[in-house]
Amino acid sequence: MKFVKPSQYADLVKAKGLPMGAVRMYKNGEWFRKVGGAKGWEYVGKQGGAKAKQVVDEAKTKGLPVVMPSAQGGGQKANVVAGGAVKKPRINLGAKVHLEKWAKEDPGAFKAAVAHAINVKNPHPMFGSADIKGKMSRWDLAMMVKVAAEHGLVAPEPKVKPVLVNEAKQKREVKDEAKAEAKARAEASAAKAEREAIPEGWDKMDYGEQIVANRKLFVEQMMEARRAKWGGKPFDPKNAEDHKNVKLWMNAGSTALVNIMEAVRKDPVKEKHEASVGRAKRGNVPKSWDKMDYGEQVVANRKLFVENMLEEARKVKGDERPFDPKNADDRKNVKEWMKAGPRALVGMMEAIRKDPVKAKRQAEAKAEAEEKSIAAKKLLKEIIDRDTPKSPQEIALAQSDVVGKKNVSNGHVNVVRVLDIKSPEGKEAKAIFKPIEGECEMDLREGNIPLGEQWKRERLTYIVDQIVNIGVVPTVVVKEVDGKPGAMMDFVDGKVWAEASEAMQNKVPTLEYQKLVLLDWLICNTDRHGMNWMIDNAGKVYAIDNGLAFPEKVNFGEWNGYRCIPHQILQRRHGLELPDELKGLLTPEKKKRIIGAIQMFNLGGKAVELFEKRWDYLVKHGAFPEYNEVEGFMVLNRETPNWASLERVR
């Protein structure tokens, strides 16, 4: 910053004589830079902004004034240090060193230069032949006077005094200038809007309605359409000739304007309306007719579909006659075609004209499938990178080759395939594969299980089983088969519980039921019905089809949150109390590992929260709650005997 006497600084920052490039900040945090001319001050940004910081740094580098707002409000003044003293402004050291060197080496010349510089009408050789005003600022002059005083070179006070300026007035001038610019922009925008104003729903109006809504706009578009068809430059509202033509056409009648426009371009809204009216006269047109595919149209109004089909068949032959219900031949043809089946009618119509709604739906479905496949593959790669097979069983399953496969369709909601696999050592076995793209696209649990994410829950359930050391889930890995990702699991040789004999069911020890219920309670299984767990001849149980576990929205203890038939069986066997060997499995370290696994698979919502509550409940009570069943799901309510303890956990 240029040198200024501390006693003069507070007034000097308000002076009009601030040099070009000086910057200052108002109380609202806005920075301005002096640029001169009519504009005066240029807005450079808010305090903390990148541009404002850059401008301030440039000013400091060049030794230009950097003015901060007063801490007491009002105008701007120098920074204040402790004790109320005014902080001495920084000096352009480069300029001062140069002047001091000159004053020491040639004091006479320096004194003469100062005297000449003070009298701005007299140029001095050091400034060239130009007038001093164009070469030297008042701040440089003040520096010279200061250096002269420090070296004992008497010099008169400058005749040119800084002119004080009303800071508030200057603020108003800046605001007034901004308001004037905003007003000019608004006027220009209004003028453009008046010329280009398009009423709401303009494209849905016929020509007659457009004339009523905005006659001038219609005339301009009519002139553009005529020129587009017969040649000519676009309509220009600034062109005097175009302006004159618009004025002349504005006096024409509405009918004449519509006829001229229709001679150039058919009215699309009118044509659509007339076609709709024509169909309505022949029969009731169902709502959203144009949004139905051919099959849906046949079901909604078979007669109307046949009439439209006959019209389209005529157009192919170059006959533009619409269907006429009064014509005997037309009525006869309709009667004959009404005997045809829906598939034959749709096939006939598609041979004449492709179904636009069906084509659109197919394109959308294909795009959605591709997007889903890309996202699934990306997520699969991320999970494979983080979730590598660890146990020998996992590694063997992941590295096996598929040598045969077939689909299973016994009541499965998802696509399920039985694979013949061969391990790297040549051992043959069977496996189950559930591809991601084969998952059911229906919302089976009211948004609790996101579509396309059951495969993650199959693998995660196996990981929980391994961490806790329960041992009821067959080995599950994430793998690609024929380029399609999904969950692959070991094949279990046994019977699903619902198809097993009563003797086979009774053979299962209570401990096996307790292990299965422990797993389902921790993962909050919402789908453990009679077809989703198996029993082998030795009485061991296996948890299969675990894709509807770890719900993300349902609250603890609410309907649609936990469904487990083994829990009900365990309750009838009076086995809700956990044996010590299962209680000992629930350690804090395992809980932490399971939470990490849930987060690794990017399960959202309340998945982690719900798991923690269920884990903590078992650790605290050492027993499962009683199963109060509603439509197969367990619901906690005030009729449940241990409701109070459950309520505290929630």
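Every letter in the sequence shown is one number past the one before it in our numbering, and letter 319, counting from 1, is 319. C-beta: ideal position from N, C-alpha, C; glycine also.
Report the three-state DSSP secondary structure of Asp267 (helix, strand or coil).
Coil at Asp267, not helix or strand.
Name, in chain order, the residues that DSSP records as bridge partners for Trp41.
Partner(s): Lys34.
Is it buried or exposed, Leu511, if we count other Cβ atoms within 10 angstroms and call 16 or more buried?
By the 10 Å Cβ count, Leu511 comes out exposed.
Check this for me: beta carbons of Gly517 and Leu570, under 7 angstroms apart or not?
In the sequence on display, residue 517 carries Val and not Gly. Their beta carbons are under 7 angstroms apart, which means Val517 touches Leu570 by this criterion.
For the region 336-423, which segments carrying the beta strand (DSSP E) assignment without a break, of at least 3 residues, lie completely within its bounds, in sequence order?
Whole beta strand (DSSP E) segments, 3+ residues: 401-408 and 416-422.
Does the Cβ-Cβ distance between Val66 and Val56 come in under 7 angstroms?
Yes, the pair counts as a contact, with Cβ atoms nearer than the cut-off.
Which residues in the same chain as Val492 place their Cβ atom closer than 8 angstroms to its Cβ, once the five residues preceding and following it in sequence are excluded?
Excluding sequence neighbours, Val492 sits near Pro474, Met534, Asp536, Tyr542 and Ile544.
Under 7 angstroms, do Leu585 and Asn469 count as touching if we go by C-beta distance?
Yes, they are a contact pair.
Quick one: grab the DSSP three-state call for Gly486.
Note: Gly486 maps to strand in three-state DSSP.
Per DSSP, what are the beta-bridge partners of Pro435 in this structure?
Paired residue(s): Gly486.
Could you check where the alpha helix (DSSP H) with Glu480 kicks off and where it finishes?
From DSSP, Glu480 is part of no alpha helix (DSSP H) but of the beta strand (DSSP E) over Val476 to Val481.
Of the choices Ala300, Met68, Val44 and Lys60, whose alpha-carbon is the least far from that of Met25?
Closest by alpha carbon: Met68.
Contact defined as beta carbons within less than 8 angstroms: I believe Lys458 pairs with Asn532. What is the distance between those atoms, to the nearest angstrom?
Here the sequence assigns Glu to residue 458, which means Lys is not the residue at that position. Wrong, their Cβ atoms sit about 12 angstroms apart, outside the cutoff.
When you compare only the Cα positions, how much space is there between Val299 and Lys405?
Between Val299 and Lys405, the C-alpha separation is close to 39 angstroms.
Give me the residue from Gln297, Cys524 and Gly36 with the minimum Cα distance to Leu460.
Cα-wise, what sits closest to Leu460 is Cys524.
The beta strand (DSSP E) with Arg24 in it runs from where to where?
Val23 to Met25 is the extent of the beta strand (DSSP E) around Arg24.
Between the region 388-405 and the region 415-426, do three or more beta carbon pairs fall short of 8 angstroms?
Segments in contact, yes.
Just how far apart, CA to CA, sit Met634 and Ala503?
Cα-Cα distance, rounded: 27 angstroms.
Give me, in chain order, the residues of the same chain whose beta-carbon lies closer than 7 angstroms to that of Lys204; leave out the 5 immediate sequence neighbours on both sides.
So the list reads Val269, once near-sequence residues are dropped.
Can you round the beta-carbon distance between Leu64 and Gly21 to whole angstroms, since I take them to be within the 8 angstroms contact cut?
Contact flag correct, Cβ pair sits at about 5 angstroms.
Tell me, to the nearest whole angstrom, how far the beta carbon of Val334 is from that of Val306; I am working on the premise that it is less than 8 angstroms.
So it is a contact: roughly 5 angstroms between Cβ atoms.
Do Ala573 and Asp527 have their C-beta atoms closer together than 7 angstroms?
The residue asked about is misnamed: residue 573 is Arg in this sequence, not Ala. Cβ atoms of Arg573 and Asp527: not closer than 7 angstroms.
Under the rule that 16 or more other beta-carbon atoms within 10 Å means buried, what is Pro199, buried or exposed?
It is exposed - the Cβ of Pro199 has fewer than 16 other Cβ atoms within 10 Å.
Count the other CB atoms, across all protein chains shown, that sit within 10 Å of the CB of Lys339; report buried if there are 16 or more and exposed otherwise.
Classification for Lys339: exposed.
I'd like the span of the beta strand (DSSP E) that includes Trp533, first residue to last.
From DSSP, the beta strand (DSSP E) with Trp533 extends over Trp533 to Ile535.
With distance defined between alpha-carbon atoms, name the residue in Glu105, Glu58 and Met144 nearest to Lys96.
Out of Glu105, Glu58 and Met144, Met144 has the C-alpha closest to the C-alpha of Lys96.
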